[in-house]
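Going letter by letter, the sequence shown gives residues 1 to 231 in the UniProt record's numbering.
C-beta atoms are modelled at their ideal positions from N, C-alpha and C, and glycine is treated no differently.
Since we're looking at a predicted model, the values are computed, not measured.
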Amino acid sequence: MVDPSPPTPDRDTLAAELALGLLEGTDRVEALRLCLSDPAFAAAVETWSLRLSPLLHAIPPVQPPEHIWKAVEARTGIGLSRDVSNIHSLRLWRGGALVCGAIAASLALFIAVRPSDLNAPAPMAVSQLVGAQGPAIMAIAFDARQGVLRLSTTSLPTGDKSPELWVIPEDGVPRSLGIIGTEGQELTVDPAHAKFLKSGVTLAITMEDTASAPHKAPSSQPVLTGKITVI
1 MVDPSPPTPD RDTLAAELAL GLLEGTDRVE ALRLCLSDPA FAAAVETWSL
51 RLSPLLHAIP PVQPPEHIWK AVEARTGIGL SRDVSNIHSL RLWRGGALVC
101 GAIAASLALF IAVRPSDLNA PAPMAVSQLV GAQGPAIMAI AFDARQGVLR
151 LSTTSLPTGD KSPELWVIPE DGVPRSLGII GTEGQELTVD PAHAKFLKSG
201 VTLAITMEDT ASAPHKAPSS QPVLTGKITV I
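So this is what it looks like as structure tokens:
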């Protein structure tokens, strides 16, 4: 049996979008079908899902409106569990294998529920910051309605300096969002800086002196960087 060839850059991007939950409608259906027919693509989705899994700790759960489940029941003729915690757990990213294994259910929901039936939550800015070396990762989610940034971190550097989070918009000038804890936290973002938290903007972490924070500019090279995606 010939081993499947690795995914092309376009296929890899598609796999990342599927893992992030960015695909909708027919695009999502086609990507799920591709999971079943292309083992290399399915493996790429699983890889992206594992890389993006820290975001689950930073993004607050959203409970779907009750009328959505009633509409699905009415159109499919089957009863759905009212256990919201179970429903939510089934909808979380479980890796590419489970995403592809659930294709039948996904296709059924796509057919049964029109987009106009869905009461979509407000967009949220998310990012995963990684370093060129080392295991440190930071997952970030920004709720624009509350002005709150939620952070989840692993393996950040420790020592006499603290991690400071920066947003670097299109003008290239870093703005400090403040010193953060090495274990993650929630922080309220200054409205003057919140306007920069949009898709494509860079976030970075540098190690800075805590006593003189917040700083006007970084004093060292970033240990973590990442781009914002709005979902």
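- In this structure, DSSP gives T47 a helical state, which the three-state scheme calls helix.
- For D171, the secondary structure class from DSSP, reduced to helix, strand or coil, is coil.
- Proximity to H215 across K227, V167 and K198 peaks at V167, based on C-alpha coordinates.
- DSSP places S37 inside the alpha helix (DSSP H), whose first and last residues are G25 to S37.
- Burial state of P174 is buried, judged by a 10 Å Cβ sphere holding 16 or more other Cβ atoms.
- The alpha-carbon separation between S220 and A139 amounts to approximately 21 Å.
- CA-CA distance, E24 to L14, rounds to 12 Å.
- Rounded to whole angstroms, the separation of the alpha carbons of T225 and P169 is 13 Å.
- Ranked by Cα distance from A141, the options L129, P157 and S49 are led by L129.
- DSSP, read as helix, strand or coil, puts A211 in coil.
- Minimum Cα-Cα distance from S176 among the listed residues V45, K227 and H193 corresponds to H193.
- Excluding five sequence positions before and after K198, the CB atoms of its chain that fall closer than 7 Å to its own CB belong to A125, I228 and V230, given in chain order.
- CA-CA distance, L50 to S212, rounds to 37 Å.
- About 7 Å separates the beta carbons of T206 and V223, which is inside the 8 Å limit, making them a contact pair.
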